[in-house]
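Each residue of the sequence shown is one higher than the one before, starting from 4 at the first, in this note's numbering. The beta-carbon is built from N, C-alpha and C at its ideal position, and this holds for glycine as well.
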Amino acid sequence: MLLTSKDANKLLKQLNDEYSSLQVRESLSKVFVAATIENKDDARPNYDYEATSKKLAEISEKIIKIKHAINKFNVETIVPEFNKTIDEMLVYIPQLTSLKGKLSIMKDTPEKERYTDRNSSNIIEYQYINYDLKKVEEDYKKVETELADAQIALDKINVSKTFEVDL
Numbered sequence: 004m005l006l007t008s009k010d011a012n013k014l015l016k017q018l019n020d021e022y023s024s025l026q027v028r029e030s031l032s033k034v035f036v037a038a039t040i041e042n043k044d045d046a047r048p049n050y051d052y053e054a055t056s057k058k059l060a061e062i063s064e065k066i067i068k069i070k071h072a073i074n075k076f077n078v079e080t081i082v083p084e085f086n087k088t089i090d091e092m093l094v095y096i097p098q099l100t101s102l103k104g105k106l107s108i109m110k111d112t113p114e115k116e117r118y119t120d121r122n123s124s125n126i127i128e129y130q131y132i133n134y135d136l137k138k139v140e141e142d143y144k145k146v147e148t149e150l151a152d153a154q155i156a157l158d159k160i161n162v163s164k165t166f167e168v169d170l
C-alpha cells in the first residue's frame, strides 16, 4: 500500500483509536456481575476472548508496520532545501522553535528597566540588557523565516512523497 506520511499518520491514529476502543469494550465485558437470583447467562455480556485477542493482535501488527515504515521514510528521505533527513528535521524544528522563543524574549526586553527587588534598600536600581538589541532582532527574523521554511518544506514532503507499507 502506497501512503504519504500524512496519510500514514492518519491511518495510525485511526488504528490506535480502534485499538483503544476495543480495549475499553473488552474491559467492560470480560467480567460481569449477576445477582444470585438471576440467570447468569442472561446477564452475561457478549464477549469472545479469542476473537478480541486476535483482533487486538491484528491491529497491533498493522501499527508496528506503519510506524516502522514511517520511521524508515523519515530516516531515508532528504529534505532538499535543508540537506537534512526528515528525522533530522524533526529535531531541528523544535530547536529552532526554542531559539525563536529565547530571541523573542530578548528582543522584547527593554534596554533599560527599573529593577525592583523586595529585599532591596532605598537605592534605585536599573536592569540593562547586555547584548546588541539590533543583532538580536535580526537573528529573530532569520530564525522565524528559517522555522517557517523548515515547516513548509517538511509539510510539502509529508503530503507529496509516498512510501510502501506492507499491510
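Where R47 is concerned, there is no enclosing beta strand (DSSP E), because DSSP gives it neither an H nor an E. Judged by DSSP in its simplified three-state form, V146 adopts helix. Here E91 has no same chain residue with a Cβ atom under 6 Å from its own Cβ, once five neighbours each way along the sequence are excluded. Apart from sequence neighbours up to five positions away, the residues of its chain that approach Y131 with a beta-carbon distance below 6 Å are K115, ordered along the chain.
Counting the other CB atoms within 10 Å of its CB gives F35 a total below 16, which places it among the exposed residues. The Cβ neighbour count for I89, taken over all protein chains shown within 10 Å, is at least 16; the residue is labelled buried.
Residues of the same chain with a CB within less than 8 Å of the CB of I160, apart from the 5 flanking positions on each side, are S8, T80, V82, I89 in chain order.
Counting only runs of at least 3 residues, the segment 72–141 fully encloses the following beta strand (DSSP E) elements, listed from N- to C-terminal order: 115–118, 128–131.
One alpha carbon belongs to S107, the other to N19, and they sit about 37 Å apart.
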